[in-house]
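Q: The following block contains the structure, expressed as structure tokens.
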Ligand SMILES: Nc1ncnc2c1ncn2[C@@H]1O[C@H](COP(=O)(O)OP(=O)(O)OP(=O)(O)O)[C@@H](O)[C@H]1O
Ligand SMILES: [Mg+2]
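Numbering (our numbering), first residue to last: 130 to 284.
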């Protein structure tokens with residue numbers, strides 16, 4: 130099947146607030162603009178990631194504090210995309226989800242009948258990787274719809 134702009138109307142941008150995901154946002158918004166479409170920005174609060182840390186479940190207030198920080202990071206990452214979309218006159222819908230990031234991105238993209246997923250090749254982790262970050266890799270391997278991976282400066 131050949132893809133044309135007109136088929137790529139519902140664009141989902143996955144963001145963790147990283148530079149690569151900001152670049153992904155610019156590309157996703159541009160594609161939505163060309164197709165007269167819309168963007169859905171998603172940030173997933175990765176609630177399982179820190180669960181193995183000592184004290185995570187037992188130290189009073191630690192879990193709540195980390196959740197608050199994730200929520201703040203998510204809100205500002207989503208607002209950044211909303212602002213850029215408004216600037217380009219592209220409708221934008223924001224989703225702050227919770228869970229395993231790749232599972233949530235894939236689940237919500239199916240529920241909303243998204244046409245194209247746009248995300249960074251790498252994210253906020255400072256670890257150098259040869260190929261992809263874990264979230265990017267799992268989405269690419271499991272997605273039934275096209276995924277566009279954007280290289281940030283660091284990649
Ligand atoms: N929690 C998240 N919510 C939404 N999108 C995310 C999330 N985490 C990552 N992404 C998306 O996936 C892209 C790649 O990030 P990924 O997490 O795969 O790499 P990393 O942070 O460099 O490595 P890792 O997390 O595996 O240590 C990001 O640029 C962003 O688009
Ligand atoms: Mg990451």
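Glycine residues also receive a C-beta, built at the ideal position from the N, C-alpha and C atoms.
#1: Return helix, strand or coil for residue 135, following the three-state DSSP convention.
#2: At a threshold of 8 Å, does residue 230 count as lining ligand 1 (C-beta to nearest heavy atom)?
#3: Taking residue 133 as the reference, which of 279, 275 and 281 has the closest Cα?
#4: Can you name the residues that DSSP bridges to residue 270?
#5: Quick one: measure Cβ to Cβ for residue 173 and residue 226, integer angstroms, because I've assumed they're closer than 8 Å.
#6: On the three-state DSSP scale, how would you describe residue 157?
#7: Contact between the stretch 135-148 and the stretch 156-175: three or more CB pairs below 8 Å?
#8: Whose CB is closer than 6 Å to a heavy atom of ligand 2? List the residues in chain order.
A: For this structure:
#1: Per DSSP, reduced to three states, the secondary structure at residue 135 is helical.
#2: Checking the Cβ of residue 230 against ligand 1 gives yes.
#3: Selection 279, 275 and 281 evaluated against residue 133 yields 275 as nearest (Cα-Cα).
#4: Bridge partners of residue 270: none, in fact.
#5: Between residue 173 and residue 226 the beta-carbon gap is near 5 Å, inside 8 Å, which marks them as a contact.
#6: Reduced to three states, the DSSP call for residue 157 is helix.
#7: Judged by Cβ distances under 8 Å, the stretch 135-148 makes contact with the stretch 156-175, as three or more pairs qualify.
#8: With the cut-off at 6 Å, the residues found are 145, 252, 253, 254, 262 and 264.
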